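Residue numbers (the numbering used here): 209 to 304. Just so it is clear, CB atoms sit at the ideal spot from N, CA and C, and this is done for glycine as well. Values in this document were obtained by computation on a predicted structure and should not be read as measured data. Remarks on the structure that follows.
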């Protein structure tokens, strides 16, 4: 009998039994709220981690376009060259 006491005690402690208790809706709603918050936090983190390389690519592309538009073209005068013509402040006044 002594050899069966310990295994039977462990078996009874491990086997599930019916718990006659009432769990109200507040506990379930709290659990659902916490679960939704966890899912939203993980989803937001994934979106930001996956969007990071795309945002960097778009920023780099925008910076490259801005740099390309600032470079002088063949038709544009050089930065150090004097500019002449109407609108540059070197026209001669015709009225006297």
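- Secondary structure of residue 220 (DSSP, three-state): helix.
- Assigned with DSSP and collapsed to three states, residue 231 falls in coil, not helix or strand.
- Residue 219 and residue 225 have their alpha carbons spaced roughly 12 Å apart.
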